């Protein structure tokens, strides 16, 4: 049992622990922070697996982008300090059962499969290699997915704006409803006066 | 450093499986839409770990697993953004982001 | 099949009248319905008389005895090679006699109703029902297969129901028609079981084959039916007694007689047709038709005899106390049918000992004439007085001379005064009873005296007694009402002289009969004494009857309430059958039978609710199902379908 292995177990414990905390805590802001820690843990796992580039991308995009986005959305939609109601007992039990069953099943499959490691070749990931292969048009080149993903990002950006935009009718409708309410109260008060 | 034989592939797969099912537990139990989204992110991350682990242990000469995970991260980012936009829209019409309040698509 | 096939027209003409008037009468034939019905019956009667002439006087006789001709047979439902329900026409002395009786009396009633029912709103419906009844009765007497008898039996019951309840706005009429139908239907249960037993053991439902098999002592069927037993009596006895129960229901024998007095709620011509001359003799006809089989079993014959005699006596006693003219006549009918029944009961099949059979049929024949005459006269009286009660009548002999004479003739006939028809037939019955069973003879003699007494009580109370409150301005009735009375009166006088014994006997061969003056002295003497007593009490209105009634006290009250039989039946049905049998069965039907169906439906709805609930709109629920489905597929693909 060398340090390498111990570090792996520590990292795993950390990321699983914070993951569990993230999905079970009742305070929403804390949940976001635990998620952040969990994602950092995953990044450190990538570092341990000697794929530094992915780890860097993970930190930049996930931790620095998505979690911030989530925190902003928490602020936009509700009080972040308020406690959330927990799920009912029934739901907890059933979910736990389903999850444990699924986990057990998968672990059993993994055990039974017996992965055989290839001996020999070292695993080295140089960023230059990643870059070259990403933009290469040869076999195993990923330039097409690269371009498509950029389209996707564009589409996502526009879509977000469209969905989250307050439409003009909604703005006018808000005003109209207020006006109708006012007229209604005036008429009813006139009727009361007549009676 | 030869770390390959110390930690077998199966252990890493256990970790990622556990993370996946933790995310699934969150998916089933969370009532708030934002926290639901967080659980989904956990699930996506576990898949990423899987890809990288397989690449490292079974196909060390190639880089396909890494590319997969890069693209997954990208797409996850786009999806999270769109999800937040939907949540904001839903919040506007329902005044709450409780997942049980948005049950119009039922029988 | 033979040249008697035209006889099929006799029932079909009234059926055509029924269909025509029933379907189109309300709209097109409201005034002419009576004429149409009467013409159809006129044609029917003419054909019947023609057939009778042909059968009895031309070619009916073979080797000195009248034989049975099957004029027509059509297999309707064949269950197995031997057992089938056929529709057919049998020509036989009694069937031809009944054809004449039914069609003739029906014709008289049709004619009478032209005047009696004039102005009725449902005139056409009335004639349609009359046509249906006549068709059913004619079909019954011509039946070749015992199930055919049952079929027409039920049809007759239905027609009777329709006609008794003709004035359906009156609740008493509705109750009476229901009572008649239910009591006869209940008796028909026994009839059906009897048919089934007979059919089972003899292996056939055809009457002539059945008789043939069950009267040959050596035949396997006879041995089987007499050896099989239940509760001490052989299957043959059971079958015949059950069949007789069916006949007793229709013929108003004790204890199934309760419907007949109430059936007088129907129009009077209907009472004349159905409850005097035709339907009520259906039971007698049934026993006569199956008589060869009856004569094989002494127990069954004894049952027939005693019930017949008892009914005759009971009815005669009750009739002495009734004040409604139609009820007196109803009980009189019951009494006379009792005569016919016990006459059959004391008879045997062959030769001299078959006198009872001949006498019964003869009495049936003559009774039809004078009883229908009595009812039609009663109808005329009721038409004038607008009431059924005796106390509203009196002194009518000056106002309705024709009715008076006809009624007198009929009363003399029923009392058995020579030379009217009833004398001859009653003499034969008394002779048959005397030869067979002295007790029955005694009862018959006493009942004959009572008959004379109550009939003349009725006669004197209506036509003499006191001065009538009505004046000449009321008319006696239209011509169409008087003609049938005259015709029937003539028949009543003349019919007694028909040499019946040469024509209708148990085995077809002619019987020699003669009138024994010494023997007739007893009944005729008693009759005359009874008439004198009645005249003394009722010719002039006096205190006599009331004093006698008071002297008899409780006994008189019990008799006038018909021995409380109606109350007893009501008690049994309301207090015993309804709560103890009816209510539990209804409860089972509502809660268990319906409950099962409702439970099935409720379960289906519940299950559908659950399934519906799966589409709850909750995303996490869907996620759970999704996960479950994926796991299931994974398991299937990994472990089951490799």
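Chains as they are written, first to last, in this note's numbering: chain L, 578 to 772; chain C, 2 to 108; chain Z, 426 to 1067.
Cβ coordinates follow ideal geometry from the N, Cα and C atoms, glycine included.
Keep in mind that this is a model prediction, so the values were computed, not measured.
Between the beta-carbon of residue 25 of chain C and the beta-carbon of residue 599 of chain L, is there less than 8 Å?
-> Within the second chain, residue 25 of chain C is the residue found at index 24, counting from 1. Within the first chain, residue 599 of chain L is the residue found at index 22, counting from 1. No, these two residues do not count as a Cβ contact at 8 Å.
Kindly indicate which three-state DSSP category residue 966 of chain Z falls into: helix, strand or coil?
-> Taking the third chain and counting its residues from 1, one reaches residue 966 of chain Z at position 541. Residue 966 of chain Z sits in coil when the DSSP states are folded into three classes, being neither helix nor strand.
Euclidean distance between Cα positions of residue 1008 of chain Z and residue 601 of chain Z = Sequence index remark: in the third chain, residue 1008 of chain Z carries index 583 (1-based). Sequence index remark: in the third chain, residue 601 of chain Z carries index 176 (1-based). Looking at the two C-alpha atoms, the distance is approximately 24 Å.
Mind checking which residues open and close the beta strand (DSSP E) that includes residue 498 of chain Z?
-> Residue mapping note: residue 498 of chain Z aligns to position 73 of the third chain, counting from 1. That run of the beta strand (DSSP E) goes 494–503.
Short-range partners of chain Z found in the region 675–686 of chain L, where Cβ spacing is below 8 Å = 675, 678, 679, 682 and 686
In the structure shown, what three-state DSSP assignment does residue 606 of chain L receive?
-> Walking along the first chain from the start, residue 606 of chain L turns up at place 29. In this structure, residue 606 of chain L counts as helix in the three-state DSSP scheme.
Members of the region 1047–1065 of chain Z that neighbour chain C once the beta carbon cut-off is set at 9 Å | 1048, 1049 and 1052
What does residue 592 of chain L reach in chain C if we use C-beta pairs closer than 8 Å?
-> Within the first chain, the letter at position 15 stands for residue 592 of chain L. By Cβ distance, chain C contributes 16 and 20.
Tell me, which residues are paired with residue 655 of chain Z by DSSP?
-> Mapped onto the third chain, residue 655 of chain Z falls at position 230. The partner list for residue 655 of chain Z (beta bridge, DSSP) reads Z:658.
Taking residue 105 of chain C as the query, report the chain Z residues whose CB atoms sit under 7 Å from its CB, ordered along the chain.
-> Residue 105 of chain C sits at position 104 when you count from the first residue of the second chain. For residue 105 of chain C, the C-beta contacts it makes with chain Z under 7 Å involve 1042, in order along the chain.
Three or more beta-carbon pairs under 8 Å between the region 536–551 of chain Z and the region 713–733 of chain Z, yes or no?
-> For the pair of segments examined, the region 536–551 of chain Z was found not to touch the region 713–733 of chain Z: the number of CB pairs separated by less than 8 Å stays below three.
Out of L:732, L:615 and L:707, point me to the one whose CA is closest to residue 65 of chain C's CA.
-> Start at 1 with the first residue of the second chain, and residue 65 of chain C comes out as number 64. Ranking L:732, L:615 and L:707 by Cα distance to residue 65 of chain C puts L:707 first.
In chain order, what residues of the same chain lie with their CB nearer than 7 Å to the CB of residue 618 of chain L, ignoring the 5 residues before and after it?
-> Residue numbering aside, residue 618 of chain L sits at position 41 when the first chain is read from its first letter. Setting aside the 5 residues that flank it on each side, residue 618 of chain L is surrounded in the same chain by 588, 591, 592 and 595, each with a C-beta closer than 7 Å to its C-beta; the list follows chain order.
Selection of the region 703–720 of chain L by Cβ proximity to chain C, strictly under 9 Å = Cβ contacts with chain C come from 706, 707, 710, 711, 717 and 719.
The region 552–565 of chain Z touching the region 526–539 of chain Z, judged by at least three CB pairs closer than 8 Å | In short, these stretches touch, since the Cβ pair count reaches three.
Cβ contact (3+ pairs, closer than 8 Å) linking the region 10–28 of chain C and the region 663–682 of chain L | yes
Secondary structure, alpha helix (DSSP H): runs of 4+ residues fully inside the region 663–735 of chain L = 666–690 and 704–711
When the distance is taken between beta carbons, is residue 108 of chain C closer than 8 Å to residue 603 of chain Z?
-> By 1-based counting over the third chain, the position of residue 603 of chain Z is 178. By 1-based counting over the second chain, the position of residue 108 of chain C is 107. Not closer than 8 Å, so no.
Within the same chain, show all residues whose beta-carbon is closer than 7 Å to that of residue 866 of chain Z, passing over the 5 residues directly before and after it, in chain order.
-> As a first step, residue 866 of chain Z is located in the third chain; it is residue number 441 there, counting from the start. Result list for residue 866 of chain Z: 855, 858 and 859, in chain order.
Whole angstroms is fine: what's the gap from residue 814 of chain Z's alpha carbon to residue 807 of chain Z's?
-> Along the third chain, read from residue 1 onward, the residue named residue 814 of chain Z stands at position 389. Along the third chain, read from residue 1 onward, the residue named residue 807 of chain Z stands at position 382. Taking the straight line joining both Cα atoms gives about 9 Å.
Partners in chain C for residue 692 of chain L, counting only beta-carbon separations shorter than 9 Å | Working through the first chain from its first residue, we reach residue 692 of chain L at position 115. Simply 9, 10, 11, 14, 55, 58 and 59.
Could you have a look at residue 775 of chain Z and say whether DSSP puts it in helix, strand or coil?
-> Numbered from its first residue, the third chain carries residue 775 of chain Z at position 350. Of the three classes helix, strand and coil, the one that applies to residue 775 of chain Z here is coil, per DSSP.
Is the Cβ of residue 83 of chain C closer than 8 Å to any Cβ of chain Z?
-> Residue mapping note: residue 83 of chain C aligns to position 82 of the second chain, counting from 1. No, its Cβ sits nowhere closer than 8 Å to a Cβ of chain Z.
To the nearest whole angstrom, what separates the beta carbons of residue 932 of chain Z and residue 779 of chain Z, a pair I think is in contact under 8 Å?
-> Start at 1 with the first residue of the third chain, and residue 932 of chain Z comes out as number 507. Start at 1 with the first residue of the third chain, and residue 779 of chain Z comes out as number 354. About 6 Å; that satisfies the 8 Å criterion.
Determine the direct distance from the alpha carbon of residue 597 of chain L to that of residue 1030 of chain Z, and round the result to whole angstroms.
-> Indexing the third chain from 1 puts residue 1030 of chain Z at position 605. Indexing the first chain from 1 puts residue 597 of chain L at position 20. Their Cα atoms are separated by approximately 42 Å.
Quick one: is residue 25 of chain C near chain L, going by C-beta distance under 8 Å?
-> The residue given as residue 25 of chain C occupies position 24 in the second chain. Taking Cβ atoms only, chain L reaches closer than 8 Å to residue 25 of chain C, which makes this a yes.
Contact check, residue 613 of chain Z vs residue 665 of chain Z, beta carbons under 8 Å | In the third chain, the residue the question calls residue 613 of chain Z occupies position 188. In the third chain, the residue the question calls residue 665 of chain Z occupies position 240. Not closer than 8 Å, so no.
Residue 761 of chain Z burial status per 10 Å Cβ neighbour count (16 or more: buried) | One-based indexing of the third chain puts residue 761 of chain Z at position 336. Under the 10 Å beta carbon count, residue 761 of chain Z is surrounded by 16 or more other beta carbons and is classified as buried.
Hey, is the region 743–759 of chain Z in contact with the region 970–985 of chain Z, meaning 3+ C-beta pairs nearer than 8 Å?
-> The answer is yes - the region 970–985 of chain Z touches the region 743–759 of chain Z, with three or more Cβ pairs under 8 Å.
Considering only residues of the same chain and omitting the five flanking positions on each side of residue 623 of chain L, which have a CB-CB separation below 7 Å?
-> The residue given as residue 623 of chain L occupies position 46 in the first chain. Excluding sequence neighbours, residue 623 of chain L sits near 631, 632 and 635.
Which residue from L:637, L:741, L:609 and L:717 puts its Cα closest to that of residue 62 of chain C?
-> The residue labelled residue 62 of chain C in the question sits at position 61 within the second chain. The residue with the shortest Cα to Cα distance from residue 62 of chain C is L:717.
Are the C-beta of residue 45 of chain C and some C-beta of chain Z separated by less than 8 Å?
-> As a working mapping, residue 45 of chain C is identified with position 44 in the second chain. Closer than 8 Å: no.
What residues from chain L crowd round residue 35 of chain C, counting only those whose CB sits closer than 9 Å?
-> For the purposes of this step, residue 35 of chain C is identified with residue 34 of the second chain, where counting begins at 1. Here the neighbours are 605, 608, 609, 647, 650, 651, 654 and 655.
Hey, which unbroken runs of the alpha helix (DSSP H) at 4 residues or more fall wholly within the region 711–790 of chain Z?
-> Listed in chain order, they are 716–719, 723–744 and 750–770.
Residue range of the beta strand (DSSP E) that includes residue 511 of chain Z | Translated into the one-based positions of the third chain, residue 511 of chain Z becomes position 86. Counting along the chain, the beta strand (DSSP E) containing residue 511 of chain Z begins and ends at 509–516.
Say whether chain C places a C-beta atom closer than 8 Å to the C-beta of residue 641 of chain L.
-> Here residue 641 of chain L refers to the residue found at position 64 of the first chain. Output row for residue 641 of chain L: interface = no.
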